[in-house]
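Asks: This is the structure I want to talk about, given as structure tokens.
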């Protein structure tokens, strides 16, 4: 696909500075861009690359236009405009409806005629696959699951049981939703397993990363609200609630029954203790451990940056002797 | 299923306070309970909910009875009694013996006539599947594995090779047991892979969470003793030994050849350095990093709770200048 | 297999001290060794075991020979010599070329005649499987992937899309390569997904552990250079670059666009912030969090070792009041 720069400006509501007839065929980074590329500038660290880019055009904020000698699309949110243009120039392939002959589907489940079920998929009992849904190869859907309109399960996703997924969700390979929560009652002879009877209730427009695990509720459901974004290798314990539009970066762990507010940002490797409550609009820095309720919006941190061993050893020794 | 409260009291050895003819049909949380629900009280934070619950009955300790206006089952261990009653009211579906026609099984492996092998399972060479075993859809069992009586591998579990699983174990989706340990010898031209020749030896009544990885021994076996409980996304390196009835919460990592005692509790995101030894009856707090032997039972911690950025930045600056 | 000790000395270029006709059939640890075993000594903590071993021979450095009363192979790098001898005594089974009838392969993909494709493998469109490649059962390879000569994908590996794997790589079960990176642009109504259009480019002789995730680039590729070793449950974000012969231990997370140098060692649970650069020959200690560029080779640390709760609480209180 190739399109005029002027057309992009109109379609995506940007001010154009430069040749409206320039042909744009693909997106590229500032440094790898060539003729036909459109790039974007949103991180000041890459200012050198902005000045030297060979892109045919760059999407940027008006105040950065002076540092750019090629054609420009001026946007108040260059990263968003970039994403929209990238979608437009590189559309995702649409899948045809149908069920691959190698899929194994219980007759008690209902599959929409417009859903795509790939090779070697398993679907258990009493599940419902909605219209336009894409189930990638090797996915494994258990009993009593429901997948909403136009959602996509990429390769080898597992929905263990009682998982409700809303519309337009994307779940990436290896994610496991609805596995048993970690519930163990002590006895004199060791642990007694506490039955995990609930499910997972996921809203619309949620994205879940590779090899992430979201446990079912022990009683009642684990809840992920609309628009939440969850990265890779994240643990979400039973009966956690994640509020709307919260985003969580990789390798974070959220213990059971924690409640995370709306529009929060959790960086990578964060730990959230069980049964605590974090209010709306909270940012948690990388690798921080949150051990009690947070009642005030704002930014919170808790990890100590690495240092050279020689310096670190001295500091630690003094820390121990505080 | 519906049962009289008096019958539950007798079956599970509780003192009854209230109407023995009350009909109980299901478990519920204190806050979501309705008529027919039985709930439990074991966490003081939920005292308000105890006082206002609409449950038909609550399982609790005698000293909490005064705060509860509905019928009560008095137990010394309410969480355990709850778990037992939940099992009774919500029994797990039993699977019929048999092998799904899409399973691919080496003729050199032996499958008990009472085992259930689900769709799209692969079983390699010289493995043994014991009586009453359930192998869920998409599980992948390698060579020379042995699965004991009544164990359950939920969906899409991988046993790579040389894994011995005892009786009544449960392994959740995405777990990988018996993958190669991380062994690399330095050479002038980079790393030389050290062969990982051992296996994994898992006792009875062990539960292993979603997407957890337990490596095979490099020589000899990685050992998980009876009754151990392992949550999701946990890494257990080669030749680790985990003692009986130890429980490990999510996202913890245990490096190679570490020895963990019996009845230990490791909270989430804990790190255990390789080749160290932790004695019996040790509790490790969340996100703590254990770098040397622990020889005395008790509780150990090592993570600093998150704080507001403004406070944290000042504290860190002073820490650096200790 | 059984071989004379003298033959091993010659084959692996060691000085022999002891009976060259001793029969060696297998490797063992110092403590579990019996007649016919060859063991190695490389960790001073096991000196007691060296003195009391029942091995037929031990591989060690010349300065340790005095502590060993059985036959010896003297090597400057005993661990490497051990690995080479273990490979020799316990050779890996070779797989015959061929495609299992249950595999589902797009006709637009090209499979070498000498590759082995196991049961229930899926291969998408326009992918290439090179000579001598082993694809284990349940692997799931997407569109436009390329697997180089003699590489092995063990059970249930996922290559999502646009993954180039070099020669002689090993990928362990549950690993997901080429999943979408975590890219989200803020809007007034929540997050807008940023298309992840790149791939993953992996060199030769790379090993990747169980349930590790390596995201595709957002534009351009995520790059893993030759000889890199990556353990289990590691997150590698989009557009990361890992330099040659770097080794990364389990549960580490590397955020997007970070650049890691050559010959670095990252211990377990390390966190690397996005968009930073670590130079060659850097060692990072366990659970350390690296928040800015490292420009000088050497060792860096950042985690505080766990302590008894009583001591820890006092220290934390003082830390907060610094």
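Residue numbers (this note's numbering), protein chains in the order written: chain D, 1 to 322; chain W, 1001 to 1322; chain X, 2001 to 2322.
Yeah, the Cβ is synthetic: ideal placement off N, Cα and C, and Gly gets one too.
All figures in this text were calculated on a predicted structure; none of them were measured in a lab.
In its own chain, which residues sit with a C-beta less than 8 Å from the C-beta of residue 315 of chain D, not counting the 5 before and 5 after it?
Replies: What you label residue 315 of chain D is simply residue 315 of the first chain in a count that begins at 1. Excluding positions up to five away in sequence, the list reads 307.
Asks: Measuring alpha carbon to alpha carbon, tell me which residue in W:1038, W:1018, W:1245, W:1123 is nearest residue 219 of chain D.
Replies: Counting from one through the first chain, the residue named residue 219 of chain D turns up at place 219. Among W:1038, W:1018, W:1245, W:1123, the Cα nearest to that of residue 219 of chain D is on W:1038.
Asks: Mind checking which residues open and close the beta strand (DSSP E) that includes residue 185 of chain D?
Replies: Here the question's residue 185 of chain D lines up with position 185 in the first chain. Taken as a continuous stretch (DSSP letters only), the beta strand (DSSP E) holding residue 185 of chain D covers 184–187.
Asks: Using DSSP with H/G/I as helix, E/B as strand and the rest coil, what is residue 1045 of chain W?
Replies: Within the second chain, residue 1045 of chain W is the residue found at index 45, counting from 1. Three-state result, residue 1045 of chain W: helix.
Asks: What first and last residue would you give for the alpha helix (DSSP H) that runs through residue 6 of chain D?
Replies: Along the first chain, one-based indexing puts residue 6 of chain D at 6. Per DSSP, residue 6 of chain D belongs to the alpha helix (DSSP H) from 5–11.
Asks: Select from W:1162, W:1180, W:1250 the residue whose C-alpha is nearest the C-alpha of residue 1212 of chain W.
Replies: Along the second chain, one-based indexing puts residue 1212 of chain W at 212. Cα-wise, what sits closest to residue 1212 of chain W is W:1250.
Asks: Closer than 6 Å by C-beta to residue 158 of chain D: which residues in its own chain qualify, once you throw out the five before and the five after it? Chain order, please.
Replies: Along the first chain, one-based indexing puts residue 158 of chain D at 158. Here the set comprises 140, 176.
Asks: Between which residues of its own chain and residue 2287 of chain X is the CB-CB distance below 6 Å, once the five residues before and five after are set aside?
Replies: The residue given as residue 2287 of chain X occupies position 287 in the third chain. Closer than 6 Å at the Cβ level, and outside the excluded window around residue 2287 of chain X, lie 2269, 2303.
Asks: Please list, in chain order, all residues of the same chain as residue 2330 of chain X whose beta carbon is under 7 Å from its beta carbon, the five residues on each side excluded.
Replies: Nothing in the structure corresponds to residue 2330 of chain X, since chain X is present only between 2001 and 2322.
Asks: Which whole-angstrom value is the C-beta distance of residue 1281 of chain W and residue 1261 of chain W, which I expect to be below 8 Å?
Replies: On the second chain, position 281 is the one that residue 1281 of chain W refers to. On the second chain, position 261 is the one that residue 1261 of chain W refers to. Yes, residue 1281 of chain W and residue 1261 of chain W are in contact; Cβ-Cβ is about 7 Å, under 8 Å.
Asks: Identify each residue in the segment 1060–1090 of chain W for which the Cβ-Cβ distance to at least one residue of chain D is less than 8 Å, and report them in chain order.
Replies: Going along the segment 1060–1090 of chain W in chain order, one finds 1077, 1079, 1080, 1082, 1083, 1084, 1086, 1087, 1090 with a Cβ nearer than 8 Å to chain D.
Asks: Could you tell me how far apart the beta carbons of residue 174 of chain D and residue 216 of chain D are, in whole angstroms, since I believe they sit closer than 8 Å?
Replies: The residue labelled residue 174 of chain D in the question sits at position 174 within the first chain. The residue labelled residue 216 of chain D in the question sits at position 216 within the first chain. Not really, about 18 Å apart at Cβ, beyond 8 Å.
Asks: If you pair each beta-carbon of the segment 1070–1089 of chain W with each one of the segment 1009–1018 of chain W, do three or more pairs fall below 8 Å?
Replies: Short answer: they touch.
Asks: Compare the Cα-Cα distances from residue 1245 of chain W to each of W:1106, W:1134, W:1278, W:1227 and report the closest residue.
Replies: The sequence position of residue 1245 of chain W within the second chain is 245, counting from 1. Answer by Cα proximity: W:1227.
Asks: According to DSSP, is residue 2091 of chain X part of a helix, a strand, or is it coil?
Replies: The count along the third chain starts at 1 and reaches residue 2091 of chain X at position 91. Coil at residue 2091 of chain X, not helix or strand.
Asks: List, in order along the chain, the chain W residues whose C-beta lies closer than 7 Å to that of residue 2014 of chain X?
Replies: Within the third chain, numbered from 1, the residue matching residue 2014 of chain X stands at position 14. None at all; the shortest Cβ gap to chain W is about 14 Å.
Asks: Starting from residue 1299 of chain W, find everything on chain X with Cβ-Cβ shorter than 8 Å and list it in chain order.
Replies: Along the second chain, one-based indexing puts residue 1299 of chain W at 299. Here the neighbours are 2308, 2309.
Asks: Cα-Cα, which of X:2049, X:2077, X:2032 is closest to residue 2062 of chain X?
Replies: As a first step, residue 2062 of chain X is located in the third chain; it is residue number 62 there, counting from the start. When each option's Cα is compared against that of residue 2062 of chain X, the closest is X:2077.
Asks: Less than 7 Å between the C-beta atoms of residue 1147 of chain W and residue 1120 of chain W, yes or no?
Replies: In the second chain, residue 1147 of chain W corresponds to position 147, counting from 1. In the second chain, residue 1120 of chain W corresponds to position 120, counting from 1. No, the Cβ-Cβ distance between residue 1147 of chain W and residue 1120 of chain W is not below 7 Å.
Asks: Under the DSSP definition of a beta bridge, which residues are partnered with residue 2161 of chain X?
Replies: Within the third chain, the letter at position 161 stands for residue 2161 of chain X. DSSP, once it has assigned bridges, lists X:2143 as partnering residue 2161 of chain X.
Asks: So, with DSSP's three-state summary, where would you put residue 267 of chain D?
Replies: For the purposes of this step, residue 267 of chain D is identified with residue 267 of the first chain, where counting begins at 1. Coil, per DSSP.
Asks: Apart from the five residues just before and just after residue 2167 of chain X, which ones in its own chain have a Cβ nearer than 8 Å to its Cβ?
Replies: On the third chain, residue 2167 of chain X is found 167 positions in, with the first residue counted as 1. Same-chain partners within the cutoff: 2130, 2148, 2149, 2150, 2151, 2204, 2205.
Asks: Find the nearest neighbour of residue 1017 of chain W within the set W:1064, W:1043, W:1034, W:1179, judged by alpha-carbon distance.
Replies: Here residue 1017 of chain W refers to the residue found at position 17 of the second chain. It is W:1064.
Asks: Assign residue 84 of chain D to one of two classes, buried (16 or more other C-beta atoms within 10 Å of its C-beta) or exposed (fewer than that).
Replies: For this step, residue 84 of chain D is matched to residue 84 along the first chain. Residue 84 of chain D is buried by the Cβ-count criterion.
Asks: Given residue 106 of chain D, which residues of its chain have a CB within under 7 Å of its CB, disregarding the five upstream and five downstream residues?
Replies: Here residue 106 of chain D refers to the residue found at position 106 of the first chain. Only 123, 124, 125 meet the Cβ criterion.
Asks: Quick one: measure Cβ to Cβ for residue 24 of chain D and residue 57 of chain D, integer angstroms, because I've assumed they're closer than 8 Å.
Replies: To locate residue 24 of chain D, count along the first chain from 1; it is residue 24. To locate residue 57 of chain D, count along the first chain from 1; it is residue 57. Yes, they are in contact, since the Cβ atoms of residue 24 of chain D and residue 57 of chain D sit about 6 Å apart, within 8 Å.
Asks: If you reduce the DSSP assignment to three classes, tell me which class residue 2276 of chain X lands in.
Replies: Locating residue 2276 of chain X in the third chain gives position 276, counting from the first residue. Coil, per DSSP.
Asks: Could you tell me which whole alpha helix (DSSP H) segments of length 4 or greater appear in the segment 1047–1090 of chain W?
Replies: Within the segment 1047–1090 of chain W, the complete alpha helix (DSSP H) runs of at least 4 residues are 1047–1052, 1078–1089.
Asks: Just the chain W side, please: which residues come within less than 9 Å of residue 286 of chain D by C-beta, in chain order?
Replies: Your numbering for residue 286 of chain D matches position 286 in the first chain. What residue 286 of chain D touches in chain W: nothing, since even the nearest Cβ is about 11 Å away.
Asks: Taking only beta-carbon atoms, is residue 137 of chain D less than 7 Å away from chain W?
Replies: Here residue 137 of chain D refers to the residue found at position 137 of the first chain. So, not an interface residue.
Asks: Helix, strand or coil for residue 1315 of chain W, going by three-state DSSP, please let me know.
Replies: As a first step, residue 1315 of chain W must be located in the second chain, where it is residue number 315. Residue 1315 of chain W falls in the helix class under three-state DSSP.
Asks: Just reading off the beta strand (DSSP E) that residue 15 of chain D is part of, what are its end residues?
Replies: Numbered from 1 along the first chain, position 15 holds the residue referred to as residue 15 of chain D. Start and end: 15–17.
Asks: Looking only at C-alpha atoms, which of X:2185, X:2190, X:2029, X:2067 sits nearest to residue 2082 of chain X?
Replies: Translated into the one-based positions of the third chain, residue 2082 of chain X becomes position 82. Ranking X:2185, X:2190, X:2029, X:2067 by Cα distance to residue 2082 of chain X puts X:2029 first.
Asks: Under 8 Å between beta-carbons, which chain D residues line up against residue 2253 of chain X? List them in chain order, please.
Replies: Here the question's residue 2253 of chain X lines up with position 253 in the third chain. Those are 233, 250, 251, 268, 269, listed as they occur along chain D.
Asks: Considering only their Cβ atoms, is the gap separating residue 2276 of chain X from residue 2292 of chain X smaller than 7 Å?
Replies: Sequence index remark: in the third chain, residue 2292 of chain X carries index 292 (1-based). Sequence index remark: in the third chain, residue 2276 of chain X carries index 276 (1-based). In this structure, residue 2276 of chain X lies closer than 7 Å to residue 2292 of chain X by Cβ.
Asks: Report yes if the CB atom of residue 41 of chain D is closer than 7 Å to the CB atom of residue 50 of chain D, and no otherwise.
Replies: Start at 1 with the first residue of the first chain, and residue 41 of chain D comes out as number 41. Start at 1 with the first residue of the first chain, and residue 50 of chain D comes out as number 50. For residue 41 of chain D and residue 50 of chain D, yes; Cβs fall inside 7 Å.
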